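Using our numbering, the letters of the sequence shown correspond one by one to residues 0 to 216.
In this text, a Cβ means the ideal position worked out from N, Cα and C, and glycines have one as well.
None of the values given here were measured: they were computed from a predicted structure.
Some notes on the structure that comes next.
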Amino acid sequence: MQMPNMTRNAKTNLTWAGFFFGLCFPVVGTFVQATLAGVFSLSSFWQVQRQTPLLWIIDIAPLILALAGRLISENYQFTAKPERQFLPLLVTGLLIPLVLLMFALGLEAKATQIVNDTNRSGALRYKSLYIYAVTKEANGNTAWRSKWDQMNETRSDLRARYPQEVAAWQEFSQQLRSSGKVDWLATEQMRRAADVLTGSLEQYQGRYQKTFTVIVT
């Protein structure tokens, strides 16, 4: 038995249902971010919106998609079969807002990783100076080993994501392994190499920020 065509009221109800259902995703995402930033309040809610402009796109996306579906449905007569009744709601209210939310979270996570990598790269220079100062002591202090391990781990991790070769690391590391001491020349070369790596990451961060701004605006 053929089902009757969907009425105007049914289309309107589906439009509003898809809009409010899709709106739940950005609202929940903003609520979580505001709660993580501190005590949840209306001011913190708007603060999250200002810090993450892409959320505005996600906020209005359900309304735009629902209205587009409503306008398109005016030009097509279709049969409201049971298995198709919730298809517009599923697509406009769930899948597309979810993809947009995941895309925004991915951009934010990438930006956070770049900032963290830049900070870790900058810390290499201070750790190299610390190791130089400790190894200059005459009491055979071996406290530098933990810092050296941290430097080695940081550089290996950064090089895996950003193919950067820092030649000064070889001399700096070789001196520590062979004698447990490092001279000022190797330390200065390591410090400058860390500055070069940090500068490269900052340039990458700037290019990524421009790309992010273009996508958002």
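- Query: Leaving out five residues before and five after Glu201 in sequence, what residues of the same chain have Cβ atoms less than 7 Å from its Cβ?
  - Reply: Numbered from 1 along the sequence shown, position 202 holds the residue referred to as residue 201. Only Thr117 meet the Cβ criterion.
- Task: State yes or no: is the C-beta of Ile130 within less than 8 Å of the C-beta of Val181?
- Result: Numbered from its first residue, the sequence shown carries residue 130 at position 131. Numbered from its first residue, the sequence shown carries residue 181 at position 182. Cβ atoms of Ile130 and Val181: closer than 8 Å.
- Item | Spatially closest choice to Glu170 from Ala185, Ser177, Lys109, Leu157, by CA coordinates | Counting from one through the sequence shown, the residue named residue 170 turns up at place 171. Taking only the C-alpha atoms, the option nearest Glu170 is Ala185.
- With 16 other Cβ atoms within 10 Å as the buried cut-off, status of Thr111: Sequence index remark: in the sequence shown, residue 111 carries index 112 (1-based). Exposed, by the Cβ-count rule.
- Whole-angstrom distance between Thr197 and Val26, CA atom to CA atom: Position 27 of the sequence shown, counted from the start, is the residue given in the question as residue 26. Position 198 of the sequence shown, counted from the start, is the residue given in the question as residue 197. Roughly 37 Å between the two C-alpha positions.
- Where Lys135 falls: helix, strand or coil (DSSP): Locating residue 135 in the sequence shown gives position 136, where the first residue counts as 1. Coil.
- Task: Could you have a look at Thr141 and say whether DSSP puts it in helix, strand or coil?
- Result: One-based indexing of the sequence shown puts residue 141 at position 142. Of the three classes helix, strand and coil, the one that applies to Thr141 here is coil, per DSSP.
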